[in-house]
Amino acid sequence: MARWLPRSTDLTRFCQKLNRVKTLEDDMMETSFNRCLSTIDLTLLGIGGMVGSGLYVLTGTVAKEIAGPAVIVSFIIAGFASLLAALCYAEFGARVPKTGSAYMFTYVSVGEIWAFLIGWNVLLEYMIGGAAVARAWSGYLDSIFNHKIKNFTETHVGAWQVPFLAHYPDFLAAAILLVATTFISFGAKVSSWLNHVFSAISMGVILFILIMGFVLAQPKNWSTQEGGFAPYGLSGIMAGTATCFYAFVGFDVIAASSEEARNPQRAVPRAIAFSLGLATGAYILVSVVLTLMVPWHTLDPESALADAFYRRGYAWAGFLVAAGSICAMNTVLLSNLFSLPRIVYAMAEDGLFFQVFSRVHPRTQVPVVGIVVFGLLMALLALVFDLEALVQFLSIGTLLAYTFVAASIIVLRFQQQKGDVPVPVAGGRPNPEPHEGPSSSELKEYESFSDKLQLVDRDKSKEQREPGQLKAAFEPYLEFLSDFYPGEVVTVAVVTLMVSAICLCSILVFGNTHLHLPTWSYSLLLVLFSLGFLLSLLLIWVHEQQHSTQTFQIPLVPLSPALSIILNIYLMLKLSYMTWLRFAIWLLLGLLVYFGYGIWHSKENLRELQPQRVSARYVVFPGSSLEERVQAVQPSSQPATGLPDTDIDDCKR
C-alpha cells in the first residue's frame, strides 16, 4: 500500500510547479501590441469603466433604500477603499507594463495556479458584466419607447418560463454587443476614439446635471422634517459603502491596457489616479444634487435623476439624462470588451490557456480571435440568459483579484530584484547578506561574469542590506530571523496575515448572527485574530523593502495593502452563500482546465524541461583587499577544464 503513495520529493516538486512564478523579459517594453495610448486615453478608459449606469441608478437606490442623503459619506468611504486597491494596481502597472492586469501581477509574485484562478475568475466577471450592461442598455432604451421592443418580441417570438433563462430573447442587447465587438477588433486607437466620443457626451450630461441640480437645490431636503441627513445611522452609511464600492470597479482596464501605453511607467499611475478621482467626484456631487433637488424618501430607484427633474418641472431634461445614461453604458461595454481579450491573450501567451487566443492580428495589432470569440459568448449570454442571479458573482471575482494584487505588492516589494542574488552552492542555503564581506571559510559562486561578478569597489558595509533582509536596527532583538533566506519570513508573514484577516472578518460577520458566540468568546477571538494580524504586519515591517525612484510605488507598505486585504475579505464574506456556491463550481471548472491543459503547456514548465547547460562556474575566494582571486570550478557532471589566465587577469583588473 505504501508504495502507491507519492514520495515527499514528488509532492515537493509538484507544489513547486503550482507555485512557480513567471520569468519576465529583460526588455518589458517589447511587445506585439501597438503602444499608442496616451495618459488621456487611459484616463478616459478608466472613467468609462467606472462611471456607467451606476451613476444614474445606484445613487438613487442607495439614497432611498440604504443610507439617505448620507450616501455622500458612503461614496467618500468607498472611494477611499477603492483607492487602496487602485494604488496597488498603479504600482504593478508601472513596474510590469504587460497586459493581463491582476492575472499578470499575481503570476510574477505569488504563483502560477493562483494567477490562473484569478484570470479564470476575471474572465467570467467581464463576460457577465458586459452582458448585464448590454441588457440594462436594452431595457433603458426600451423604457423610453414604452416597452414596445419587449412587447413585440414576446408577441412574435414568444416568452420563456425556464430557470436561468431570460423571459424573452433580448436581440437588442446581443446586437449592441456584436456592434461593439466589431469596433473593438479594429484596433486600440479606434476603440479609444470611440470611448472618447461617448465619454465626452457622458461627462457633458453630468456637468449639466450638476449645474441644473445646484440651481434647483433646496437645503430643507436635508432637514429633520424630511428625516435628516443620516436617517439610517452609521449602519446605513456602512451598508451603503459596501454597495457603493462596486461602483468603482473598472479602473483595472487601465492596468490591462498597460502594454499598449506609450509610457506606462508614468501614464498608468497617473491615469488610475485621475480617473478614480474624477469618478469619485462625479458620484459624490451627483449624490449631493440628487438629494437636494427632491426629498430622498420620494426618489424613484429605477430612474432617480430623470424622475427628479420631471418632478421639478423640467421633463425635457429627462431626455438628456437618458442620453447620458446610454452613452455611459456604452463606455462600460467598450471597457469590458477591451479588457477581456487582453487578459485571455496574456494567459494564452504564457501557455496556461488555449494557444489560439495568443494570436495578434498583424495589421490591427489586437488579439482578434479573443475579441471575436468572447464577444460572441457575451452576446449569447445577453440574448438568452437571466443575468440578475449572476450579477453578484461579479463582486466576488473583483474582490478576490483585489486581494491577491494587494498581497502580491507586499511579496514583490520585499523580494530581491533580478540579478541581486548569487547562485547558491549545490546543497547549501544562499548567503542572506550577499553584500557582506565573507569570512575565510565562505565562498560565493556565480554562473557568469556579466551580471553577477563585481569585484572592484564593492561596498562591503553591513549597513547596506538587500530587500527581504532584517533591518539592522532590529537584528539585536530578532537575530534568529537573520538565518532565513531574504523574503522568506515576509512570505510566511503574508500568509499568516491573510489567514488572520479571514478569521477576524469571519468573526465580525458571522460571530453574532450565525455562530451565536457568547460575548466573552466573541471578544476573545476578536482580540486574538487582531493580534495575529498586527503581529504579521509588524513582522513584515521589520524587513528591508525595495526603494525605487524610477517607477511609482504605493506609500505606507505594508499598511496600505494590508488594509485593502482586510476590507476586500470583509466585503467578500458579506456576499450570499449562493454566490459562494457558484464561485466554487466555477473554480472547479477552472482547475479542470488548468490541470488538463495549463500545467502541461505552461511556458515556465517548458523552460524547466530544457537542459541547463553550464560550461563553468566561478567561485570567488575572499582576499585581503578589494581584489579577489577567481578560480574555475566544474559542475560535477562535466569534465574539468581550466580557466584561462587572461580571464583571471581581466577579472583582477
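First residue of the sequence shown: 1, per the UniProt record's numbering; consecutive thereafter. Backbone N, C-alpha and C define an ideal beta-carbon position, used for all residues, glycine too.
- With a 10 Å radius around the Cβ and a threshold of 16 neighbouring Cβ atoms, residue 7 comes out exposed.
- Assigned with DSSP and collapsed to three states, residue 601 falls in helix.
- The distance from the Cβ of residue 401 to that of residue 99 is about 15 Å, inconsistent with a contact at the 8 Å cut-off.
- Runs of the alpha helix (DSSP H) lying entirely within the segment 131-214, each at least 4 residues long, are 148-156, 171-184 in chain order.
- By alpha-carbon distance to residue 386, the top candidate from 163, 242, 107 is 163.
- Looking only at 513, 564, 552, 412, the smallest Cα-Cα distance to residue 543 is reached by 412.
- Residue 249: not part of any alpha helix (DSSP H); DSSP gives it neither H nor E.
- Linking residue 183 to residue 130 through their CA atoms gives a straight-line distance of about 15 Å.
- By the C-beta density criterion, residue 487 is buried, having at least 16 other C-beta atoms within 10 angstroms.
- Straight-line spacing of the CA atoms in residue 260 and residue 272 works out to 15 Å.
- Listed in chain order, the alpha helix (DSSP H) runs fully inside the segment 259-337 are 264-293, 304-311, counting runs of at least 4 residues.
- For residue 206, the CB contacts under 8 Å within the same chain, skipping 5 residues up- and downstream, are 51, 55, 282, 286, 324 in chain order.
- In the pairwise beta carbon analysis, the segment 357-371 is classified as not touching the segment 600-611: fewer than three pairs are separated by under 8 Å.
- The C-alpha of residue 513 lies about 52 Å from the C-alpha of residue 29.
- The segment 515-545 contains no complete beta strand (DSSP E) run of 3 or more residues.
- Between the C-alpha atoms of residue 490 and residue 557 there is a straight-line separation of about 12 Å.
- The beta carbons of residue 119 and residue 343 sit about 6 Å from each other, so the pair counts as a contact at 8 Å.
- The beta-carbon separation of residue 501 and residue 566, rounded to 4 Å, stays under the 8 Å limit for a contact.
- Separation of the CB atoms of residue 245 and residue 82 is rounded to 6 Å, and the pair is thereby assigned contact status at 8 Å.
- Going by beta carbons, residue 134 and residue 252 fall outside the 8 Å limit.
- Taking a contact as a CB-CB distance under 8 Å, the pair residue 181 and residue 326 does not count as one, their CB atoms being some 18 Å apart.
- For residue 414, the three-state secondary structure derived from DSSP is coil.
- The Cβ neighbour count for residue 91, taken over all protein chains shown within 10 Å, is at least 16; the residue is labelled buried.
- Distances from the CA of residue 528 to each of 295, 217, 517, 504 were compared; the closest alpha carbon is that of 504.
- In this structure, the beta-carbon distance from residue 113 to residue 18 falls below 8 Å.
- The distance from the Cβ of residue 408 to that of residue 106 is about 6 Å, consistent with a contact at the 8 Å cut-off.
- The closest CA to that of residue 540, considering only 530, 550, 595, 493, is found on 493.
- Judged by their CB atoms, residue 250 and residue 46 are nearer to each other than the 8 Å cut-off.
- Rounded to whole angstroms, residue 41 and residue 192 show a C-alpha spacing of 6 Å.
- Where residue 586 is concerned, the enclosing alpha helix (DSSP H) starts and stops at 577-593.
- In this structure, the beta-carbon distance from residue 366 to residue 187 falls below 8 Å.
- Under the rule that a run must span 4 or more residues, the alpha helix (DSSP H) segments found entirely inside the segment 48-72 read 54-62.
- Taken through DSSP and simplified to helix, strand or coil, residue 234 comes out as helix.
- Under the DSSP definition of a beta bridge, residue 385 partners with 165.
- In the displayed model, residue 470 falls within a strand according to three-state DSSP.
- Of the candidates 97, 523, 109, 109 places its Cα closest to the Cα of residue 410.
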